[in-house]
Amino acid sequence: MVFIPVNLEQYPRREHYEHYKSNVPCTYSMTDNLDITGLREKAAEKGLKFYPAFIYAAAKAVNGRKEFRTCCDKNGVLGFYDVLHPSYTVFRKESETFSSLWTKYDEDFYTFCKNAEKDMAAFSGKGLFPQKDAPENLLNISAVPWRSFTGFNLNLPPGHEFYLPILTAGKYFTENGRTLIPLSVQVHHGVCDGFHVCRLFDDIENIVKSL
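Position in the sequence shown (first residue = 1) + 2 = this note's numbering.
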């Protein structure tokens, strides 16, 4: 893990960052139905499960854009991580709770999905945070696979100090021959705007197409 400090004197978003950090602390979320047509089939062809495949697409998109890896370290210094590793929820049917797991990000689709499947098999149902020594450079992804939704919002006290994105996916569905999945992305306005979130949605769709 490498954390690279931002030179505020050369930071293009300095004015926006300082405004939304101090004057108007602001986080927001955007939700859209993403076209993931073919993802299930592509995963199945490689003997992979859908959930890790979707996590991979989301993590690859986030890691491809510096603004989504930007945050403040424990000393309040603004910077960005060289990589984020996805942290994701796995439902525990017996207790109707979940385990929060994480898997090291790998650029290779098959390798990452297989590693995620191994982590799910080894740690699911063994507590809220069953893995030890989780890194701080985590991308939070959760799933609500029982319902599609048109909006989703998290309330984090104090949420205005949390900069990394939080992704929440709903139940995928078919419409006009396409497979769509609702995805909500919660971010800090100091480091990215609606333009960047819309581009992230496009990136995820394009990654799915390229698999």
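Just so you know, even glycine gets a beta-carbon here, dropped at the ideal spot from N, CA and C. All figures in this text were calculated on a predicted structure; none of them were measured in a lab.
Inter-residue spacing [alpha-carbon to alpha-carbon] between residue i and residue j
i	j	result
cysteine 73	lysine 120	30 Å
cysteine 200	phenylalanine 70	12 Å
isoleucine 183	glutamate 207	11 Å
glycine 66	valine 85	9 Å
leucine 10	lysine 76	17 Å
asparagine 25	histidine 198	22 Å
lysine 211	tyrosine 58	13 Å
glutamate 177	glutamate 20	42 Å
glutamate 96	aspartate 205	36 Å
cysteine 115	glutamate 109	10 Å
proline 14	serine 126	42 Å
phenylalanine 154	tyrosine 22	22 Å
Residue i vs residue j beta-carbon contact at 8 Å
i	j	result
isoleucine 209	alanine 63	yes
asparagine 117	threonine 99	no
glycine 81	proline 7	yes
valine 146	tyrosine 83	no
alanine 60	leucine 213	no
tyrosine 107	lysine 48	no
serine 102	arginine 94	no
serine 150	glycine 179	no
Assigned exposure category for residue i - 16 Cβ within 10 Å defines buried
i	result
cysteine 194	buried
alanine 123	exposed
phenylalanine 175	exposed
threonine 152	exposed
valine 187	buried
alanine 46	exposed
Beta-carbon separation (whole angstroms), residue i vs residue j, contact threshold 8 Å
i	j	result
leucine 41	phenylalanine 52	7 Å
histidine 18	glycine 196	With 8 Å as the limit, histidine 18 and glycine 196 do not qualify as a contact, their Cβ atoms being about 12 Å apart.
leucine 141	histidine 87	7 Å
threonine 181	serine 144	Wrong, their Cβ atoms sit about 20 Å apart, outside the cutoff.
leucine 185	threonine 33	7 Å
Closer than 7 Å: residue i CB and nearest the ligand GDP heavy atom
i	result
asparagine 117	As presented, the structure is devoid of all ligands, the ligand GDP included, so that no description of it is given.
Is it true that the region 157-167 meets the region 125-137, where meeting means three or more beta-carbon pairs spaced less than 8 Å apart?
no
For the region 24-35 and the region 160-171, state whether three or more C-beta atom pairs, one from each stretch, are separated by less than 8 Å.
Flag = yes, the region 24-35 and the region 160-171 touch.
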